[in-house]
Amino acid sequence: MRLFLDTANIDHIRHGVEMGIVSGVTTNPSLVSKEGKVNYQKLVKEICSIVPGPVSTEVLSQNTQGMISEAREIAKWADNIVVKIPASIEGVKATSVLNRENIKVNFTLCFSVNQALLGAAAGAAFISPFVGRLDDIGEDGMKVVFDIVQFLRYYQLPTQVIAASMRHTQHCIMAAKAGAHIATIPYKVLLQMIQHPLTDIGIKRFAQDWQEVMGDGRVA
Ligand code: G3P
């Protein structure tokens, strides 16, 4: 499972990429708004220049023609750009058209297997089931991820599943078990993934034991 960062924050993206484990980024209008009143195009282009893989950014239009026009424009911004299109009827139509034009679509705000079936049929490169938001309303978000992965695998479709709306580290483990191709996670969750108190205690103890006998000497 590949890891993407779900943020528009440049410092957080740089840090994730420097760690060598972040291979893509997903944004949405809410995440971009968190960065203040920015120049949207400039921000997205900068993210695309930092990240070695796909960068998803979302259209604001709610009608098909508007989505298509926005997507065509956004697609010119960088080679690694992916356009997020919502899982509505208008979005399915737009995805079909954009697919024929070889513009990569991330079919977003996906909350059901049926929505994913239509997104994949329309040729979306990625489908983003929102796990946390389904959990919020008492449904099993990860079951939807699992079921989408199953049908894509069964029919050998090239669409990849991005487990999104990931709220905590357990979601990461569950997404990996469900077979998600990608998990897009908040920066805070990325940092939490590496944390374990026994690792911290172990690092300290190894240093102390070495120091007591060997002093400051190093292996080399
Ligand atoms: O990737 C989708 C994500 O940004 C939504 O997350 O926490 O707002 O449901 P959340």
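Heads up: the sequence shown runs through residues 42 to 261, numbered per our numbering.
Note that beta-carbon positions come from the ideal geometry of N, C-alpha and C, so glycine has one too.
No experiment lies behind these values; they were computed from the predicted model shown.
**Prompt:** Measuring CB to CB, does V154 end up less than 8 angstroms from I189?
**Reply:** Along the sequence shown, read from residue 1 onward, the residue named residue 154 stands at position 113. Along the sequence shown, read from residue 1 onward, the residue named residue 189 stands at position 148. Contact flag set, yes.
**Proximity test, G173 beta-carbon vs the ligand G3P heavy atom, cut-off 7 angstroms** = Taking the sequence shown and counting its residues from 1, the one referred to as residue 173 is at position 132. Between the ligand G3P and G173, a heavy atom-to-CB distance of less than 7 angstroms is present.
**Item:** Short Cβ contact (8 angstroms threshold) for I144 with A116
**Value:** Within the sequence shown, the letter at position 103 stands for residue 144. Within the sequence shown, the letter at position 75 stands for residue 116. It is a contact, given that the beta carbons lie within the stated cut-off.
**Asked** Closer than 7 angstroms: is that where the CB of N69 sits relative to any heavy atom of the ligand G3P?
**Response** Against the sequence shown, residue 69 aligns to sequence position 28. Within the cutoff, so yes.
**Asked** Along the chain, where does the beta strand (DSSP E) that runs through F192 open and close?
**Response** Against the sequence shown, residue 192 aligns to sequence position 151. No beta strand (DSSP E) contains F192, which is instead part of the alpha helix (DSSP H) from G182 to Y195.
**Message:** So if DSSP puts S97 in a beta bridge, which residue, or which two residues, is it bridged to?
**Reply:** Along the sequence shown, read from residue 1 onward, the residue named residue 97 stands at position 56. Paired residues: T67 and V123.
**Item:** Element boundaries [alpha helix (DSSP H), containing D250]
**Value:** Your numbering for residue 250 matches position 209 in the sequence shown. Counting along the chain, the alpha helix (DSSP H) containing D250 begins and ends at P238 to M255.
**Message:** Using only the alpha-carbon positions, how far apart do N140 and M183 sit?
**Reply:** Counting from one through the sequence shown, the residue named residue 140 turns up at place 99. Counting from one through the sequence shown, the residue named residue 183 turns up at place 142. N140 and M183: Cα-Cα distance of roughly 27 angstroms.
**Request:** May I ask you to list the residues that DSSP assigns as paired with V202?
**Result:** Indexing the sequence shown from 1 puts residue 202 at position 161. For V202, which the question treats as bridged, DSSP gives the partners I168.
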